[in-house]
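Note sheet for the following structure.
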Amino acid sequence: MVERSKHVVLVLPPAMERVGPVWEIPGLAPGVSEPGPGVVVVCADHEAAVEWAAAAPAELRAHAVTGLTRTTALLKEGRVGLVAGSAADLTALVARSALKLAAIETLVIAWPETFADTLDTLLAEAPDARRVVLSWNPATLGDFLERHARRAEFRGSLTLGQVSGARYAVVSAARRDAAAREVLNQTPDAVLCKALPTPEELADLATTGQPVVLLTASQLPYLQAIASLTPISLPGAADRAQDRAAALRARIGDRIAAGELDGELAQLSPLFEEHDPALVAGALLAMQRDAGSGMRDASPPPQTADVAAWAKIFVTVGRKDRASAKDLVGALIKEVGLEKGQIGKIEVRETFSLVEVAPEVAEQVARRLTNVSIRGRRVSARMDRHA
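Structure below.
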């Protein structure tokens, strides 16, 4: 009688909204008394690691590897139950002796179709761990599964093959909502698909029009396997900056048209005698920007479809700690895993700082920035109560 394998292969589209079956696997969660991680998720990159940590049940005490120093400290303190990271980052933690894979109970290997050839060294460190492999095309992983998940139990199936045409744009998970609004601005009747579809779902959507799929770079090979693709272009950072500048000019024009500026003109008239009025206007805008009270704060702009309001995070570090906006940006990018486009205005005050971030990542920032060291001070962060 052949012993049933403890390994599992879940055949799923490579998207976080599909990973529910992972948490249903018996024994996945480590015991509450365990001092170190019981589960390691090996995924494509930093962005995927952050998504895994955000999706994991709270009792797993999940952490994404976005900075080796912080992760090393958390692992040594025994505060992590599940750690998610790229193969390169996890290998670096093993080399530092911060992560001991020999003691790991379960390795979740998330859609390794594009990076399976980089995993042999890492997985050799955990020969006895159960493998839970997520795959959208297990036929391409034959040798890999034979080496690392032999006689695995297969659950689910996907019938690959191009079922329709589709348009697509590669965007980060954090920008997906904003990108969806940009698509609808360009093509109001678009058949928008923010979640990565199964072949059956894509075929169903195609009956109402050509689908538009928003996805990350690591998901593109899957979509190419089920659809004939045409890329679409979305506004870049420069385009969005031009849009904001145009909106500002429009608000100024509206204020001029509304009149009742006599008092302001009386205050500025001496300057008009000494300087070009255009330079005076430019100086006023620059002063407002430097003071952190720009015109967009003076009068709330009309709601637009492609610009979301910032969320404010209160951080317990300020000028008295010799902290600067540059220090906070560095922590947000290196330790939290944000992109520059997700960071707005930063106000560094005497004893604290206020940081604007994209609203969809605000709770994640407050959670992951807490206990990060900035200028030698371990900070805490929370949503600003006065925002």
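Residues 102 to 488 in our numbering are what the sequence shown lists, from first letter to last.
Where a beta carbon is used, it is the ideal one built from N, C-alpha and C, also for glycine.
The structure displayed is predicted, hence computed values, not measured ones.
DSSP state of residue i, grouped into three classes?
{"i": "A84", "result": "Past the edges of the chain, shown from 102 to 488, lies residue 84, and the structure says nothing about it."}
{"i": "A149", "result": "helix"}
{"i": "I333", "result": "coil"}
{"i": "E375", "result": "helix"}
{"i": "A467", "result": "helix"}
{"i": "A296", "result": "coil"}
{"i": "R479", "result": "strand"}
{"i": "A116", "result": "coil"}
{"i": "A359", "result": "helix"}
{"i": "A291", "result": "coil"}
Starting from residue i, follow the beta strand (DSSP E) in both directions and report where the run begins and ends.
{"i": "A159", "result": "A159 -> no beta strand (DSSP E), and no H or E assigned at all."}
{"i": "R256", "result": "E254 to R256"}
{"i": "R268", "result": "S265 to V271"}
{"i": "I414", "result": "A412 to V416"}
{"i": "I447", "result": "I444 to V449"}
{"i": "E457", "result": "S454 to V458"}
{"i": "A482", "result": "A482 to M484"}
{"i": "L315", "result": "P312 to L316"}
{"i": "L111", "result": "V109 to V112"}
{"i": "V142", "result": "V140 to C144"}
Does the Cβ of residue i have 16 or more other Cβ atoms within 10 Å, making it buried, or fewer, making it exposed?
{"i": "L261", "result": "exposed"}
{"i": "D377", "result": "exposed"}
{"i": "K413", "result": "buried"}
{"i": "G128", "result": "exposed"}
{"i": "R251", "result": "exposed"}
{"i": "L124", "result": "Here residue 124 is Trp; the residue named in the question, Leu, does not match the sequence. The residue in question, W124, is exposed, as its Cβ has fewer than 16 Cβ neighbours within 10 Å."}
{"i": "R231", "result": "buried"}
{"i": "Q320", "result": "buried"}
{"i": "D290", "result": "exposed"}
{"i": "A159", "result": "exposed"}
{"i": "T47", "result": "No answer is possible for residue 47: it lies beyond the span of the chain, which begins at 102 and ends at 488."}
{"i": "D190", "result": "buried"}
{"i": "V109", "result": "buried"}
{"i": "L316", "result": "buried"}
{"i": "G383", "result": "exposed"}
{"i": "D422", "result": "buried"}
{"i": "E301", "result": "exposed"}
{"i": "T331", "result": "exposed"}
{"i": "G419", "result": "buried"}
{"i": "G121", "result": "exposed"}
{"i": "I353", "result": "exposed"}
{"i": "R450", "result": "exposed"}
Which two residues bound the contiguous alpha helix (DSSP H) that contains residue i?
{"i": "E301", "result": "P300 to A307"}
{"i": "E283", "result": "R277 to Q287"}
{"i": "L429", "result": "A426 to A432"}
{"i": "L324", "result": "L321 to I327"}
{"i": "P122", "result": "G121 to W124"}
Kindly indicate if chain C contains any beta-carbon less than 8 Å away from that of residue i.
{"i": "T207", "result": "Absence of chain C from the displayed structure is noted, only one protein chain being present."}
Are the stretch 135-154 and the stretch 184-204 touching, with three or more C-beta to C-beta distances below 8 Å?
yes
Which runs of the beta strand (DSSP E) at least 3 residues long sit entirely within the stretch 177-249? Give them in chain order.
183-187, 207-211 and 231-236
Mind the definition here: the stretch 236-244 touches the stretch 265-274 only if three or more C-beta pairs lie below 8 Å; say whether that holds.
no
Under 8 Å, with one C-beta from each stretch per pair, do the stretch 467-475 and the stretch 436-443 reach the 3-pair mark?
yes
Are the stretch 413-425 and the stretch 456-467 touching, with three or more C-beta to C-beta distances below 8 Å?
yes
Does the contact criterion of 3 or more C-beta pairs under 8 Å hold for the stretch 111-118 versus the stretch 178-185?
no
Are the stretch 221-236 and the stretch 154-163 touching by the rule of at least three beta carbon pairs closer than 8 Å?
no
Three or more C-beta pairs closer than 8 Å, one from the stretch 159-179 and one from the stretch 203-214: is that the case here?
no
Stretch pair the stretch 327-335 + the stretch 273-289: three plus CB contacts closer than 8 Å
yes
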